[in-house]
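S.K.: First residue of the sequence shown? That's 0 in numbering that gives the first Met the number 0, and the numbers climb one at a time after it. Below is one structure. I have some questions about it.
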Amino acid sequence: MPIPFRRKHGAPGAGYTPNLWPVWIVAPVALIAAGALAWVSYHYAYDHFAQAAADQKPPKSVNINDVLKAAVTALTLIGAVLAGLYAYRKQLLAEGDAHRADANQLAERYTTAAEQLGHDQAAVRLAGVYALARLADELGRTTPGVHRRPVRLPPHALRIRPDSPRAQGR
């Protein structure tokens with residue numbers, strides 16, 4: 000029986016979306032891990048304070064409030080580090096989404112300009128040339144070290160020759 004929350008590898012967009020674990024698996028595991036970490040940090044802090052209290056002359060009892068403060072401080076620090084890692088991962092995913100959106104927009108603009116180059120009307124072909132020139136300018140600005148000369152077309156390049164199939168209506 001397949002797991003209902005898993006994304007299939009062949010699904011559209013599967014390469015762009017991370018495969019997230021279902022909440023009903025992650026939540027109990029995270030709670031158990033947090034409880035175990037709290038228990039370990041409390042006992043570690045208690046042992047540390049007990050050793051320090053036993054080394055004093057005369058020996059003193061362990062102050063439970065100090066142990067709890069130390070354990071909570073350690074757990075807060077661990078939580079802050081994990082929250083920072085989560086925010087960093089979320090930022091990387093957002094940047095990846097932005098890069099994909101830019102690439103899709105560039106591909107759409109290129110396709111539209113390339114379609115205009117094959118049009119029957121000279122003005123539409125000229126618009127396609129200028130659109131491709133704008134794309135090249137934008138890519139030149141975003142790609143360091145790329146230099147481009149401006150596009151110049153002779154006037155006769157946009158005229159349809161009388162002997163061409165377009166002029167004859169084929």
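Even glycine gets a Cβ: it sits at the ideal position worked out from N, Cα and C.
#1: Could you say if the segment 34 to 42 and the segment 61 to 78 meet the contact criterion of at least three C-beta pairs nearer than 8 Å?
#2: Determine the DSSP secondary structure at residue 60, reduced to helix, strand or coil.
#3: According to the Cβ coordinates, are residue 106 and residue 127 closer than 8 Å?
#4: Going straight from the alpha carbon of residue 92 to that of residue 137, what length do you get?
#5: DSSP on residue 119, reduced to helix/strand/coil?
#6: On the criterion of 16 or more Cβ atoms from any shown chain inside 10 Å, does residue 90 qualify as buried, or is it exposed?
#7: Please report the distance separating the alpha-carbon of residue 51 from that of residue 73.
#8: According to DSSP, is residue 50 part of a helix, a strand, or is it coil?
M.R.: Once the coordinates are examined:
#1: yes
#2: coil
#3: no
#4: 24 Å
#5: coil
#6: exposed
#7: 18 Å
#8: helix
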